[in-house]
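There are 2 protein chains.
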Amino acid sequence: MSRNLSYINLRNISITDKLFGHYIKKIGEKILEHQWDILNDTDGADATYCIRNFRIAAGDIRGKREGVVFQDTDLYKWLESVAYSIAGGQAGAFEERAEEVIDLLERAQEEDGYLNTYFQINAPERKWKNLVEGHELYTSGHMMEAAVAYYEATGKTKFLEVAKKNADLICRIFGREEGQIRGYGGHQEVEIGLIKLYRVTGERKYLEQAKYFIDERGQKPNYFAEEMRRNDFPEFFPEFMKYDLEYSQADKPPVEQSEAVGHAVREMYMCSAMADLAEEYDDKPLRDACLRIWNNMVKRRMYITGGIGSSGFRERFTADYDLPNNTNYCETCASIGLMMFGQRMASVMGDAGYYDVVERALYNTVLAGINIEGDRYFYVNPLELVPEFCTEHTYMMHVKAERQKWFSVACCPPNVIRTLSSLGQYIYAKDDESLYIHEYISSSVKEDIGGVSYRVRMESDYLRKGDVSIELDLSGEGKVKLRIPYFSKKTFIKLDGKELDGDVKSGYALIALSSGKHKLDISFENSPRWIAANNNVRADSGRVALVKGPLVYCLEEVDNGDHLSEIYVKADEEIVETDDLSPVGEIPLLSYDGLRLKSKVDKDELYGEVHFDKEKVKLKAVPYSQWNNRGNGEMSVWQKIII
Amino acid sequence: MSRNLSYINLRNISITDKLFGHYIKKIGEKILEHQWDILNDTDGADATYCIRNFRIAAGDIRGKREGVVFQDTDLYKWLESVAYSIAGGQAGAFEERAEEVIDLLERAQEEDGYLNTYFQINAPERKWKNLVEGHELYTSGHMMEAAVAYYEATGKTKFLEVAKKNADLICRIFGREEGQIRGYGGHQEVEIGLIKLYRVTGERKYLEQAKYFIDERGQKPNYFAEEMRRNDFPEFFPEFMKYDLEYSQADKPPVEQSEAVGHAVREMYMCSAMADLAEEYDDKPLRDACLRIWNNMVKRRMYITGGIGSSGFRERFTADYDLPNNTNYCETCASIGLMMFGQRMASVMGDAGYYDVVERALYNTVLAGINIEGDRYFYVNPLELVPEFCTEHTYMMHVKAERQKWFSVACCPPNVIRTLSSLGQYIYAKDDESLYIHEYISSSVKEDIGGVSYRVRMESDYLRKGDVSIELDLSGEGKVKLRIPYFSKKTFIKLDGKELDGDVKSGYALIALSSGKHKLDISFENSPRWIAANNNVRADSGRVALVKGPLVYCLEEVDNGDHLSEIYVKADEEIVETDDLSPVGEIPLLSYDGLRLKSKVDKDELYGEVHFDKEKVKLKAVPYSQWNNRGNGEMSVWQKIII
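So the sequence lines, in the order shown, correspond to chains A and B.
Quick note on my numbering: the first sequence kicks off at 1 and runs consecutively.
Quick note on my numbering: the second sequence kicks off at 644 and runs consecutively.
1) Within 8 Å of any Cβ in chain B, is that where the Cβ of residue 185 of chain A sits?
2) Tell me where the beta strand (DSSP E) around residue 1197 of chain B begins and ends.
3) Please report the distance separating the alpha-carbon of residue 558 of chain A from that of residue 629 of chain A.
4) Residue 1052 of chain B and residue 1083 of chain B: beta carbons closer than 8 Å?
5) Taking only beta carbons into account, state which residues of the stretch 1228-1255 of chain B come closer than 9 Å to chain A, listed in chain order.
6) If you draw a straight line from the C-alpha of residue 34 of chain A to the C-alpha of residue 26 of chain A, how long is it?
7) What do you reckon, are the CB atoms on residue 254 of chain A and residue 274 of chain A nearer than 8 Å?
8) Consider the Cβ of residue 1181 of chain B: report whether some Cβ of chain A lies at a distance smaller than 8 Å.
9) Counting only runs of 4+ residues fully inside the stretch 81-135 of chain A, write out the alpha helix (DSSP H) ranges in chain order.
10) Across which residues does DSSP place residue 623 of chain A in a beta bridge pair?
11) Compare the C-beta of residue 293 of chain A with all C-beta atoms of chain B and state if any pair is closer than 8 Å.
12) Check residue 1062 of chain B in the structure and name its three-state DSSP category.
13) What's the gap between the Cα of residue 450 of chain A and the Cα of residue 505 of chain A?
14) Could you spell out the range, first to last residue, of the alpha helix (DSSP H) harbouring residue 335 of chain A?
15) Between the stretch 1246-1255 of chain B and the stretch 296-314 of chain A, do at least 3 Cβ pairs fall closer than 8 Å?
16) Apart from the five residues just before and just after residue 340 of chain A, which ones in its own chain have a Cβ nearer than 7 Å to its Cβ?
17) Would DSSP call residue 190 of chain A helix, strand or coil?
18) At least one CB of chain B closer than 8 Å to the CB of residue 541 of chain A: is that the case?
19) Would you mind working out which of A:291, A:190 and A:232 sits nearest residue 257 of chain A, comparing C-alpha positions?
20) Take residue 636 of chain A and list the residues in its own chain whose beta-carbon comes closer than 7 Å to its own, dropping the five residues that flank it on each side.
21) Between which two residues does the beta strand (DSSP E) containing residue 579 of chain A stretch?
22) If the cut is a Cβ gap below 8 Å, which residues of chain A does residue 789 of chain B touch?
23) Please classify residue 44 of chain A as buried or exposed, where buried requires at least 16 other C-beta atoms within 10 Å of its C-beta.
24) Note down the Cα distance separating residue 884 of chain B from residue 771 of chain B, rounded to an integer number of angstroms.
25) Residues of chain B with CB closer than 7 Å to the CB of residue 259 of chain A, please, in chain order.
26) According to DSSP, is residue 677 of chain B helix, strand or coil?
27) Give every residue of the same chain whose Cβ lies closer than 6 Å to the Cβ of residue 789 of chain B, excluding the five residues on either side of it in the sequence, and list them in chain order.
28) Determine, using beta carbons only, whether residue 644 of chain B comes closer than 8 Å to chain A.
29) Could you name the residues of chain A that residue 945 of chain B contacts, counting a contact when the two beta carbons are closer than 8 Å?
30) Between B:800, B:707, B:1178 and B:725, which lies nearest to residue 1065 of chain B when the distance is taken from Cα to Cα?
31) When burial is assigned at 16 or more other CB atoms within 10 Å of the CB, is residue 1077 of chain B buried or exposed?
32) What is the C-beta distance between residue 524 of chain A and residue 585 of chain A, in whole angstroms, given that I count them as a contact (C-beta under 8 Å)?
33) So, using beta-carbon positions, are residue 306 of chain A and residue 347 of chain A closer together than 8 Å?
34) I want to see whether chain A comes within less than 8 Å of residue 1206 of chain B, judged by CB atoms only; does it?
35) Please classify residue 17 of chain A as buried or exposed, where buried requires at least 16 neighbouring CB atoms within 10 angstroms.
36) What residues in the stretch 910-924 of chain B bring their beta carbon closer than 8 Å to a beta carbon of chain A?
What follows is the structure in structure tokens.
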């Protein structure tokens, strides 16, 4: 069975958007270079040892391998970003450098296909012996994703051959046959890589290996439980030492799972692979498990910003409706994983609604992960912050009051970049007869679908007026499926000046097109409005958040002063779109009236008589994704209501 | 220089109070027996190995030493409780058992005085080599406290000799002389033990050794920094591995410290010793440091319940005004430490005001540490709780929704018991010419002060009506100093039926008495009232708490339903004392009107249109210390106000 939706090669997509185009331009101009310096320890900051580790593994230099056990993945994600950027036309200059690195990888790879600098250099005797923590399969998965991306961008096969050789080794090592290890990776990811490798090479054994990893996970006797007993555990991550099987979604087989649990990124990467496999195998039980986990997550465990992972400790999911705003994790990578999962669910289910969630994650948490200059990153994304409470060595140590240059565990920065540089594949997709438009981000695409050539140019004012204009040129009869976002209560679509009736099925408006040139004019309703949370979300009880289209807004100290906890608004307060625009993307800032309530307890006392002062204030909100771009200070998404 | 205040031997004090008497009776009837079973692994629960470890050390049996590195202290605190309870007349039956255990200690002690089952059995080569984590000096300190208590209760010296022998060893090992270790304990406590040993034996070297430990702490070169570099660190507590010197208040000398930082119990035990030493040595710089730390704590970093330690991670202080209500730690032991520090500050400063804080901790957090049956304990004391959010392996893993039978690190249960069994010393004190009454807890005392015999019987209705009646019988002229609590805006004192003018100095009303019988009738103003927090406490912004006298009240699900986050009250709402009484102590429950605000977002959605329902409700509040005695459920101290 084939897939409902296929991706379009990024070589065929060009992004011109005011908001996203800004970041994509930065990637080619600056970010890839900057990350390259970091990987090479030539940026003057703390050494990452990333490239150096590969040089040691290749025998170019001698030394001890340094950095976290999965440090290699930083390079793989960089290569993946370079590949997407080459395809997108922003990174031609990096191809030569990429080639050199790929040569290095080839030389570092062992005869049998093994490639992992930590185990090769520091602990060859420990290969495949600490699956629960060692991240070997995870690292291989990122190599595969990068190799597939590089092949699709350049048509060159050397990196793909390295990845295949590694994948072949994994297929030999892991399985249910005599002499094979009946294990799977502690941090899911290899499954995604193997599926991509299958799709690009057509070699079915890679798909079957991915299926094996998902099917075998959590079976009894439990591989991780046995391994933990065997090992001198923990080896790598002492802070996670009271490891639970649920943490890596290995307490029971994925097909039996029903809730979003454990480490959020692991969960999302696993579910992405599950959704792919459900589609490839037409596996209803697996698809149902995806649906159960998805529904539990988006209806019980997801922030309004598309952030996931309520626990600041261990980067993980907690319980239904437990969504604290200031101690949360909401790892940037987890929301990227949510985008990946949602993108695949839209294909499995043939439903555009999944993109409502993809969009929520993209426009809020994922974009918040990087500053507008493109040289600082958030790993953790709080919805409420008081800078002076973010203290080291305490329960708040994971929350940073400002974006950081890099991290000792640096999964997020290159993950944001590979996501933004592959954004085209979240905007457009295709099936045998239709072009799908999922996101309204100014761009153009050319693609042959069912023998018909489509040339499309989209001009979007999605975030401001809600208007989108799409010019199309088809070589024959064709179809376009437009996603209608959940927030648009009234959507008007005109084809060549004539209003369509707007029949929407599974979240899509289907537009049949004759051969030749056409113009679609779409108008989405995206006026700003207040949103409340489910009554079970204790943290948001008696609070409202401000949204406009896909954007969640927040208050920042720079606009509204400090002590944002003093602020109250009427639940139906009128919202005004101001002429002030956001730092990037020309998004209007929003203004409204509110109250400040100050306790007058003496400054030298902690507790005292009740006396509150009220003061009327004019408030100004900015898109959450752009907070902390105008200096450090307090920030708050959910605002208390006046009752 | 002698101390301003001296303790009164507990043999001379008898407690009859409805509230505290309940617990003290339980200690003799049940708790000591129950804890004895736990220490002996005969209670059917998880083994503690506590007594067994001493048997192994004494050579009675063979085996590996089990439990946390400071497990010995559980027995010492039990012995200390037994001693106080023997003195108080509740535990005569335990004296024989205590004698047997003391014999065991004597046999387990090594020739040179060393006594610590972990290092004796498991790691003799590591003695005194991991001061920052190893808790050897901490364990010795608890032995000394227990030995002094046992001597004061029974007059028997065997245990005291064991402790002295151990203290003598410590005096030889640690110091600034050639061949001595120039270190100090990672967890302060030995200082308190040494000072008590000095006071009971008169041997000044113990006092000087305590002074050395405080003076040397944090000096450069930093002992802990050097030790951490030498050691394969961490050895015992991997979750604390990114150890910072501030964590154990060793980043600079105590005399230079100004804020309540790091691990809360360590800070309180250190400050208690500092206050004692400031008084013994009339050391103004040390006293000023105590004052600075005290003021920072009570004006910036203390919960309304007298809880301290805002960080659920690492049991520690965080930043000024950072007082989250649900993720906090507020360890029971930390509030016990606060009582100890406050008790000593009242003596150093000659000011009753410190007892306002002692009382806050005692009546709220410390008493909350134990259930009314006396067989379950809280280690962590949240001010707001939703049971289903207290999930394992997450940021909430430290918070338990119900009191626990015991803990693998079991510092709190025996600490509560030694505190309650020595409560008399928080009620009464003396100087050369006066009897001090600090707490209004029904009890009697007989004591000779300045050659005059005082016989006193106090009947207190402090928590209900605020009335206290004290009968006194003096053999000559004398003085009583009554602490006037901060909350009593109008205090009436009658001596033998005649109203006194009530001149209050340093928080005390001084009552001069002639020889013979007298009666004091005191009436404190303790009507229930609403309290607000300092505006900088973001967590309590727009909230009020209900107090009556020293008691903080809270709402519980059993009385008010779940979803307490929905509840709003008027900041000046009238409070009614009901006829319902608290489970113990006959304290009136309080009632008032409020609103429930429910978000009507569809139950299958997380976020949606703003629509709130309002409903009038009648609310009922119980003393915080008695929450979770009528089943599990939500609880909340701070309530949102209607504005």
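Virtual Cβ for every residue (Gly too), placed ideally from N, Cα, C.
Predicted, not measured: the structure shown is a model, and the values here were computed from it.
In short:
1) The residue labelled residue 185 of chain A in the question sits at position 185 within the first sequence. Not one chain B Cβ lies under 8 Å of residue 185 of chain A.
2) In the second sequence, counting from the first residue as 1, residue 1197 of chain B sits at position 554. Start and end: 1194-1199.
3) Taking the first sequence and counting its residues from 1, the one referred to as residue 558 of chain A is at position 558. Taking the first sequence and counting its residues from 1, the one referred to as residue 629 of chain A is at position 629. So the two alpha carbons sit approximately 10 Å from each other.
4) As a first step, residue 1052 of chain B must be located in the second sequence, where it is residue number 409. As a first step, residue 1083 of chain B must be located in the second sequence, where it is residue number 440. Result no, Cβ atoms of residue 1052 of chain B and residue 1083 of chain B do not sit closer than 8 Å.
5) 1238, 1240, 1241, 1242, 1243, 1244, 1245, 1246, 1247, 1248, 1249, 1250, 1251, 1252, 1253, 1254 and 1255
6) Sequence index remark: in the first sequence, residue 34 of chain A carries index 34 (1-based). Sequence index remark: in the first sequence, residue 26 of chain A carries index 26 (1-based). Taking the straight line joining both Cα atoms gives about 10 Å.
7) As a first step, residue 254 of chain A must be located in the first sequence, where it is residue number 254. As a first step, residue 274 of chain A must be located in the first sequence, where it is residue number 274. It is a contact, given that the beta carbons lie within the stated cut-off.
8) Here residue 1181 of chain B refers to the residue found at position 538 when the second sequence is read from its first residue. Chain A contact via Cβ: present.
9) 95-108 and 131-134
10) As a first step, residue 623 of chain A is located in the first sequence; it is residue number 623 there, counting from the start. Note: residue 623 of chain A sits in a beta bridge opposite A:553.
11) Translated into the one-based positions of the first sequence, residue 293 of chain A becomes position 293. Closer than 8 Å: no.
12) As a working mapping, residue 1062 of chain B is identified with position 419 in the second sequence. Of the three classes helix, strand and coil, the one that applies to residue 1062 of chain B here is helix, per DSSP.
13) Stepping through the first sequence from its first residue, residue 450 of chain A is reached at position 450. Stepping through the first sequence from its first residue, residue 505 of chain A is reached at position 505. Those two C-alpha atoms are separated by around 22 Å.
14) Within the first sequence, numbered from 1, the residue matching residue 335 of chain A stands at position 335. From DSSP, the alpha helix (DSSP H) with residue 335 of chain A extends over 332-349.
15) yes
16) Start at 1 with the first residue of the first sequence, and residue 340 of chain A comes out as number 340. Correct list, in chain order: 268 and 272.
17) Here residue 190 of chain A refers to the residue found at position 190 when the first sequence is read from its first residue. Helix.
18) Along the first sequence, one-based indexing puts residue 541 of chain A at 541. Taking Cβ atoms only, chain B reaches closer than 8 Å to residue 541 of chain A, which makes this a yes.
19) Within the first sequence, residue 257 of chain A is the residue found at index 257, counting from 1. Ranking the options by Cα distance to residue 257 of chain A, first place goes to A:291.
20) Sequence index remark: in the first sequence, residue 636 of chain A carries index 636 (1-based). Correct list, in chain order: 384, 554, 555 and 564.
21) In the first sequence, residue 579 of chain A corresponds to position 579, counting from 1. Where residue 579 of chain A is concerned, the enclosing beta strand (DSSP E) stretches over 576-581.
22) The sequence position of residue 789 of chain B within the second sequence is 146, counting from 1. Correct list: empty, because the minimum Cβ distance to chain A is about 32 Å.
23) The count along the first sequence starts at 1 and reaches residue 44 of chain A at position 44. When all chains shown are included, residue 44 of chain A counts as exposed.
24) Locating residue 884 of chain B in the second sequence gives position 241, counting from the first residue. Locating residue 771 of chain B in the second sequence gives position 128, counting from the first residue. Below a pLDDT of 50, predicted positions are generally treated as unreliable, and residue 884 of chain B, at 44, falls in that range; the measurement from the model is reported next regardless. C-alpha separation (whole angstroms): 19 Å.
25) Counting from 1 along the first sequence, the entry for residue 259 of chain A is found at position 259. Neighbours of residue 259 of chain A on chain B: none; closest Cβ ~12 Å, over 7 Å.
26) For the purposes of this step, residue 677 of chain B is taken as the residue at position 34 of the second sequence. If DSSP states are grouped into helix, strand and coil, residue 677 of chain B belongs with the helices.
27) Numbered from its first residue, the second sequence carries residue 789 of chain B at position 146. Closer than 6 Å at Cβ, skipping near neighbours: 719, 722 and 723.
28) One-based indexing of the second sequence puts residue 644 of chain B at position 1. Note that residue 644 of chain B scores a pLDDT of 46, beneath 50, so its modelled location is shaky; the value from the coordinates is reported in the next line. No, residue 644 of chain B lies away from the interface with chain A (no Cβ there is under 8 Å from its Cβ).
29) What you label residue 945 of chain B is simply residue 302 of the second sequence in a count that begins at 1. Within 8 Å Cβ-Cβ: 606.
30) For the purposes of this step, residue 1065 of chain B is taken as the residue at position 422 of the second sequence. For residue 1065 of chain B, the nearest C-alpha among the options comes from B:725.
31) For the purposes of this step, residue 1077 of chain B is identified with residue 434 of the second sequence, where counting begins at 1. By the neighbour-count rule (16 or more Cβ atoms within 10 Å), residue 1077 of chain B is buried.
32) Indexing the first sequence from 1 puts residue 524 of chain A at position 524. Indexing the first sequence from 1 puts residue 585 of chain A at position 585. Wrong, their Cβ atoms sit about 16 Å apart, outside the cutoff.
33) For the purposes of this step, residue 306 of chain A is taken as residue 306 along the first sequence, with counting starting at 1. For the purposes of this step, residue 347 of chain A is taken as residue 347 along the first sequence, with counting starting at 1. The answer is no: Cβ separation not under 8 Å.
34) Counting from one through the second sequence, the residue named residue 1206 of chain B turns up at place 563. Yes - at least one Cβ of chain A is within 8 Å of the one on residue 1206 of chain B.
35) To locate residue 17 of chain A, count along the first sequence from 1; it is residue 17. Under this definition residue 17 of chain A is a buried residue.
36) none
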